[in-house]
Amino acid sequence: MAIVLVLTILVPLAIGAGLLLMPSSQPGGGRAAALVGTLLSLTLALTLAATFPAGTEGYQHVLRVPWLTLGQGAQIQFAFGLDGVSLWLFTLAPLLTLTAVLASWEVVTERSSAYYGLMLMLCAGMMGVFASLDVVLFYVFFEFTLIPGFFLIGLWGGPQRREAAVTFVLYTLAGSLLTLVGVVALVAIAHQYGEGRPLTFSIPELTAILSNLNWSAWNRSGGSLLQPTPQALVFLLLLAGFAVKTPIVPFHGWLPAAYTQAPTPVTILLSGGLSKLGAYGLIRFNLGMTPLGLVDFAEPLAVLAVVGILYGALVALAQPNLKSMVAYSSLSHMGFIVLGLVALNPTALDGAVVQMVNHGISSAALFLGVALIQRRYQTADMDLVQGVWSKIPALAVFVIIAALGSAGLPGLNGFVGEFPILAGAFEYRAAIGVFAALGMILGAWYLIGMVRNVMFGPASPRVVERSRSLSPVELAAFLPVTALTVLLGIAPALVLDKMSPALVPTAQRIEHARLVARATQTPPPVEPQPPATTKPQPDPAADPSVAILRDPHPQP
Numbered sequence: 001m002a003i004v005l006v007l008t009i010l011v012p013l014a015i016g017a018g019l020l021l022m023p024s025s026q027p028g029g030g031r032a033a034a035l036v037g038t039l040l041s042l043t044l045a046l047t048l049a050a051t052f053p054a055g056t057e058g059y060q061h062v063l064r065v066p067w068l069t070l071g072q073g074a075q076i077q078f079a080f081g082l083d084g085v086s087l088w089l090f091t092l093a094p095l096l097t098l099t100a101v102l103a104s105w106e107v108v109t110e111r112s113s114a115y116y117g118l119m120l121m122l123c124a125g126m127m128g129v130f131a132s133l134d135v136v137l138f139y140v141f142f143e144f145t146l147i148p149g150f151f152l153i154g155l156w157g158g159p160q161r162r163e164a165a166v167t168f169v170l171y172t173l174a175g176s177l178l179t180l181v182g183v184v185a186l187v188a189i190a191h192q193y194g195e196g197r198p199l200t201f202s203i204p205e206l207t208a209i210l211s212n213l214n215w216s217a218w219n220r221s222g223g224s225l226l227q228p229t230p231q232a233l234v235f236l237l238l239l240a241g242f243a244v245k246t247p248i249v250p251f252h253g254w255l256p257a258a259y260t261q262a263p264t265p266v267t268i269l270l271s272g273g274l275s276k277l278g279a280y281g282l283i284r285f286n287l288g289m290t291p292l293g294l295v296d297f298a299e300p301l302a303v304l305a306v307v308g309i310l311y312g313a314l315v316a317l318a319q320p321n322l323k324s325m326v327a328y329s330s331l332s333h334m335g336f337i338v339l340g341l342v343a344l345n346p347t348a349l350d351g352a353v354v355q356m357v358n359h360g361i362s363s364a365a366l367f368l369g370v371a372l373i374q375r376r377y378q379t380a381d382m383d384l385v386q387g388v389w390s391k392i393p394a395l396a397v398f399v400i401i402a403a404l405g406s407a408g409l410p411g412l413n414g415f416v417g418e419f420p421i422l423a424g425a426f427e428y429r430a431a432i433g434v435f436a437a438l439g440m441i442l443g444a445w446y447l448i449g450m451v452r453n454v455m456f457g458p459a460s461p462r463v464v465e466r467s468r469s470l471s472p473v474e475l476a477a478f479l480p481v482t483a484l485t486v487l488l489g490i491a492p493a494l495v496l497d498k499m500s501p502a503l504v505p506t507a508q509r510i511e512h513a514r515l516v517a518r519a520t521q522t523p524p525p526v527e528p529q530p531p532a533t534t535k536p537q538p539d540p541a542a543d544p545s546v547a548i549l550r551d552p553h554p555q556p
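Residue numbers for the sequence shown follow UniProt numbering, so the first one is 1 and each next one is one higher.
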C-alpha cells in the first residue's frame with residue numbers, strides 16, 4: 001500500500017504538469033483530464049483510508065527511499081507515511097480539488113489547461129505535506145504550494161488579483177523562513193544532545209529524540225518573549241510560518257484579499273485545504289517536538305485564538321458581500337481549531353483535529369454555493385440576491401445544510417468538532433470558554449441571518465430574471481460535501497476511530513510538559529524548623545525578693 005500512497009500524490013502531480021505543457025486550444029480544455037486525475041487520486045486515497053487499521057498510534061503505508069546522503073551516514077529521504085491524524089487530511093485534499101474542478105467546469109475558459117494543471121499541482125503539494133515523514137521533504141512541499149497558489153490568484157482572480165497574490169506570497173515566505181530556522185535548530189539540537197545519535201531528518205525519529213533529550217536547558221520551562229528558554233525559542237520560530245498559513249490573528253493580513261480576489265473555486269482550496277497545512281504543522285512540530293514551549297505560550301495563543309474567533313465573526317456579521325462573509329467566517333472557525341490545539345487537554349485536541357476535516361468540508365460547500373450564486377447573478381451582494389429558495393430550491397437546500405453545519409448544529413459535522421473544543425476550552429480557562437461560546441453564538445447569528453436574507457423572502461429582481469436550475473455537474477459538485485456534512489455529524493466514529501489513537505502520544509507529551517512546568521513554577525516546600533530554645537524564666541512565687549516587691553507589707 002505504500003506504493004498506492006505515492007501514486008496518490010504522483011497522479012495529480014504528473015497530470016498537472018502535463019496540463020501546464022498542453023496548449024489551451026479550446027475553451028474548457030484540460031478539464032476532463034483534471035477530473036479523471038482528481039477522481040483517480042481520490043479513489044486511491046479512499047483505498048488507503050479503508051485499509052488503514054483502526055486503533056493504531058503509529059504510521060502505516062510507510063515508504064522510504066534515499067534522496068541525499070550526507071556525512072556520517074545521515075540521509076534526507078523521500079519518506080512518506082500516514083497516521084490517524086494525517087490520513088483524513090490527506091484524503092480531504094483530492095475531495096476539495098474534485099469540488100473545485102467541478103465548480104470551475106462552466107466558468108474557466110481562458111488558459112484553462114494551465115488553470116486545471118495548477119489546481120492539480122496544488123492538490124499534490126497539500127497531500128505531500130500531510131504524508132511527508134522527512135522534515136526537508138515536508139518543507140519542500142510546504143513551500144511548493146505557494147507556486148500554484150500564487151498563479152491561480154494572480155492570473156485568474158479579480159481586479160486586485162496581482163496585489164493579493166504578491167501579499168499572499170510575501171506573508172507566507174516571511175513566516176516560512178523563520179520556520180526553516182526552527183526546523184534546522186530542531187535537527188541540530190537532536191544531533192548535538194541526542195546521546196551520540198546520528199544526524200536525522202526523520203519526523204518520527206526527531207519527535208522521539210526530542211521527547212527524551214538529556215539536556216537540562218531543553219527540559220526547562222518558564223520561557224517568555226523577552227527571555228525564552230531554548231525550547232520556547234524554537235517553538236516561536238516554528239510558530240511563525242504556521243501562524244501565517246493557518247492563519248492566526250494578527251498574522252492574517254493576506255487572507256481577506258486572497259480569499260476574495262481568488263476565483264471562488266480556488267478559494268475552496270485555499271480555505272478548505274491550504275489553511276490546514278499551518279494547523280498540521282503546529283501538531284507535528286510545535287505540539288509534538290516542543291511541548292514545553294507550547295505550555296509556556298499556551299495562554300497568549302489561546303487569547304489570540306479567541307480574538308480571531310470574535311474578530312472574524314464580528315467582521316463577517318458586518319459584511320454585505322456573501323463571499324467576504326464566508327471568508328471571515330473561515331477565519332473565525334480556524335480560531336476554534338487553534339484554540340483546541342493550545343488548550344492543553346486531549347478533549348480539545350481531539351475536537352481540533354476533527355474540526356480541521358469538518359471545516360474543510362463546510363467551507364468548501366459554502367464557497368461552492370457562493371460560486372454558483374455569482375455565476376447566475378453576477379454578484380455576491382446579499383442586498384441584490386434574495387429569495388433563492390423560491391427559484392432554485394435545490395441550491396438553497398445545499399447552502400442551508402452547509403451553513404447549519406458550519407454553525408455547529410447538533411447532528412451535523414460542525415458540532416462534532418466545535419463542542420469538544422468548547423468543552424476543552426472551559427476545562428483550560430473558564431473565561432476563554434465563555435468568549436469562545438460567544439463566538440459560536442455570533443457565528444450562528446451571521447450564518448442564519450445569511451440564510452434568512454439570501455434564501456428566503458420574496459425573490460429580488462435579479463433572482464427572478466437570472467435563476468436557472470442546477471446542472472448535473474453542479475449537483476455532482478455539491479453531493480459529496482453535503483453528504484459528508486450529514487454523515488460525519490451522525491457517525492463521527494468513522495473518523496475518530498482511526499484519528500484519536502494517533503493523538504494519544506501527543507496528548508501524553510503535552511501532559512508531561514504541564515507537569516514539568518508545574519514542578520518548575522512551584523516553590524520548594526519549606527522544611528520545618530525545630531522550635532527555638534529559650535532560657536527558662538524564674539517562678540515569681542518561688543523568689544522571695546519578687547514576692548516582697550509585689551507586696552510591700554508581707555504578713556508575719
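Where a beta carbon is used, it is the ideal one built from N, C-alpha and C, also for glycine.
Check: Thr-167 (DSSP reduced to helix, strand or coil); Outcome: helix
Check: Entirely enclosed alpha helix (DSSP H) segments - the segment 318-400, minimum 4 residues; Outcome: 322-342, 346-377, 388-391
Check: Start-to-end residues for the alpha helix (DSSP H) that takes in Arg-64; Outcome: First-last for Arg-64: 60-69, but that is the beta strand (DSSP E), not the alpha helix (DSSP H).
Check: Beta-ladder partner(s) of Ile-76, from DSSP; Outcome: Leu-68
Check: Whole-Å CB distance - Val-266 paired with Leu-152, under 8 Å assumed; Outcome: 5 Å
Check: Cβ neighbour criterion (16 or more within 10 Å) applied to Gln-192; Outcome: exposed
Check: Euclidean distance between Cα positions of Glu-205 and Ala-318; Outcome: 48 Å
Check: Reduced DSSP secondary structure (H/G/I, E/B, other) of Thr-534; Outcome: Low confidence applies here, because Thr-534 scores a pLDDT of 46, under 50, leaving its location unreliable; read the following figure in that light. It is coil, neither helix nor strand.
Check: Proximity to Pro-247 [Cα-Cα], best of Val-504, Gln-227, Val-307, Met-1; Outcome: Val-307
Check: Meets three-Cβ-pair contact criterion under 8 Å: the segment 66-75 and the segment 102-112; Outcome: no
Check: Buried versus exposed, by CB contacts within 10 Å (16 or more), Ile-15; Outcome: buried
Check: Cβ distance (whole Å) where Tyr-115 is taken to contact Val-183 below 8 Å; Outcome: Not quite, the Cβ-Cβ distance comes to about 32 Å (not below 8 Å), so this is no contact.
Check: Residues bridged to Asp-134 (per DSSP); Outcome: Ser-202
Check: Beta-carbon proximity of Tyr-280 to Phe-144, cut-off 8 Å; Outcome: no
Check: Cβ contact check for the segment 385-401 and the segment 451-458: 3 or more pairs under 8 Å; Outcome: yes
Check: The segment 80-92 contacting the segment 44-56, beta-carbon criterion three pairs below 8 Å; Outcome: yes
Check: Segments of 4+ residues assigned as alpha helix (DSSP H) that fall wholly inside the segment 193-272; Outcome: 203-211, 230-245, 255-261, 264-269
Check: Val-62 to Pro-393 span [Cα, whole Å]; Outcome: 46 Å
Check: Proximity winner among Leu-42, Thr-485, Ala-33, Leu-233, relative to Gly-360 (alpha-carbon distances); Outcome: Thr-485
Check: Nearest-angstrom beta carbon gap, Thr-97 and Met-119 [assumed within contact, 8 Å]; Outcome: 6 Å
Check: Pick from Leu-236, Ser-406, Ser-332 that is closest to Ser-176, judged by C-alpha positions; Outcome: Leu-236
Check: Nearest to Val-399 (by Cα), restricted to the options Phe-150, Phe-478, Ser-132, Leu-48; Outcome: Phe-478
Check: Best match in Ser-202, Ala-232, Gly-154 for proximity to Thr-290 [C-alpha to C-alpha]; Outcome: Ala-232
Check: Residue closest to Gly-433, alpha-carbon to alpha-carbon, out of Ala-100, Gly-154, Phe-419, Leu-20; Outcome: Phe-419
Check: Where the alpha helix (DSSP H) through Met-440 begins and ends; Outcome: 430-450
Check: Close beta carbons around Val-338, own chain, < 6 Å, minus the five adjacent residues each side; Outcome: Ile-248, Ala-305
Check: Three-pair Cβ contact test at 8 Å for the segment 373-384 versus the segment 410-424; Outcome: no
Check: Whole-angstrom C-beta distance between Ile-421 and Ala-316, which should lie under 8 Å; Outcome: Actually they do not touch by this definition, with Cβ atoms about 19 Å apart.
Check: DSSP three-state assignment for Gly-81, whether helix, strand or coil; Outcome: strand
Check: Residue from Tyr-328, Ala-208, Phe-142, Gly-37 whose Cα sits closest to the Cα of Phe-242; Outcome: Phe-142
Check: Whole-angstrom distance between Ile-401 and Ser-324, CA atom to CA atom; Outcome: 19 Å
Check: Any non-hydrogen atom of the ligand FAD closer than 7 Å to Thr-179 Cβ; Outcome: As presented, the structure is devoid of all ligands, the ligand FAD included, so that no description of it is given.
Check: Beta carbon of Thr-38 nearer than 8 Å to that of Val-101; Outcome: yes
Check: First through last residue of the alpha helix (DSSP H) which encompasses Ala-50; Outcome: 31-51
Check: Neighbourhood of Trp-254 by C-beta distance below 6 Å, restricted to the same chain and skipping five residues each side; Outcome: Thr-167, Phe-168, Tyr-171
Check: Where Arg-197 falls, given that 16 or more other Cβ within 10 Å makes a residue buried; Outcome: exposed
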